[in-house]
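Chemist: Numbering (my numbering), first residue to last: 3 to 163. Glycine included, each C-beta is placed from N, C-alpha and C at the ideal position.
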C-alpha cells in the first residue's frame, strides 16, 4: 500500500533538500517511520498526505541536525552519482529544483506544501502553527523569488508576469 507512494515521497524530499543523496536518505527514513507507525493510518486514501507530512518533518529534522538554520546548498560533487539515478522527469526539471533550493526554507516549505502536498492556506497555517496571513505572504514572496530565480537561469524559458 505505501510502496505506491515511494516515487512521490522521493520527489518531494528532493524538492525540499535539492540533493538526490539527501532525498534518498530522507525517503528511507520516511518509510521506516511510516512502517513503525502504520497502525496510526486509519484511512488508506490518506496515505499519500500522511507520508508527505512525515517527509516534511524528516526534512526539518535533517535541517536541525545539520545546523541551527538550514541553508540548502547543492554540492554537485555530493549529488552527481545519485542524480544520475533520478527519474527522467526530475532530471528534465533540474533547473526548477536548483531554483527551489535557492529559496529561504520558510518560502520553500510553504510553496511545496501548497503545490506538492496540495494543502489549503488554512491547513498550512495549522500545521506550521503560523497565522493565515503569514502563509499567504510567504507563498506570494516565495513565488516571486522562484520566478526571479527561474528567469535568471540560462536553461529556463522566460516566465510570464
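For the alpha helix (DSSP H) that contains residue 19, what are its first and last residues?
Modeler: Start and end: 8–19.
Chemist: How big is the Cα-Cα spacing for residue 126 and residue 112?
Modeler: About 7 Å.
Chemist: Quick one: grab the DSSP three-state call for residue 118.
Modeler: The answer is coil: DSSP assigns residue 118 none of H, G, I, E or B.
Chemist: Check each candidate in 148, 131, 133 and 38 and name the one with the smallest Cα separation from residue 114.
Modeler: Closest option to residue 114, Cα to Cα, is 148.
Chemist: Pairing CB atoms from the region 123–139 with CB atoms from the region 27–36, are three or more of them under 8 Å?
Modeler: With the cut-off at 8 Å, the region 123–139 and the region 27–36 do not touch.
Chemist: For the alpha helix (DSSP H) that contains residue 28, what are its first and last residues?
Modeler: From DSSP, the alpha helix (DSSP H) with residue 28 extends over 22–38.
Chemist: How many angstroms separate the CA atom of residue 49 from the CA atom of residue 9?
Modeler: Near 13 Å, if we compare the C-alpha coordinates of residue 9 and residue 49.
Chemist: Does the Cβ of residue 19 have 16 or more other Cβ atoms within 10 Å, making it buried, or fewer, making it exposed?
Modeler: So residue 19 ends up on the buried side.
Chemist: Spatial neighbours of residue 109 within its chain, please: C-beta separation below 7 Å, excluding the five flanking residues on both sides.
Modeler: Around residue 109: 140, 143, 144 and 147.
Chemist: Under the rule that 16 or more other beta-carbon atoms within 10 Å means buried, what is residue 2, buried or exposed?
Modeler: With the chain running from 3 to 163 in the structure shown, residue 2 is simply not present.
Chemist: Does the separation of the CB atoms of residue 100 and residue 16 fall below 8 Å?
Modeler: It is not a contact, given that the beta carbons lie outside the stated cut-off.
Chemist: Where does residue 13 land, buried or exposed, given buried means 16+ other C-beta within 10 angstroms?
Modeler: The residue is buried, with at least 16 neighbouring Cβ atoms inside 10 Å.
Chemist: Can you name, in chain order, every residue of its own chain whose Cβ lies under 6 Å from the Cβ of residue 128, other than the five neighbours on each side?
Modeler: For residue 128, where only same-chain residues beyond five positions count, there are no Cβ hits under 6 Å.
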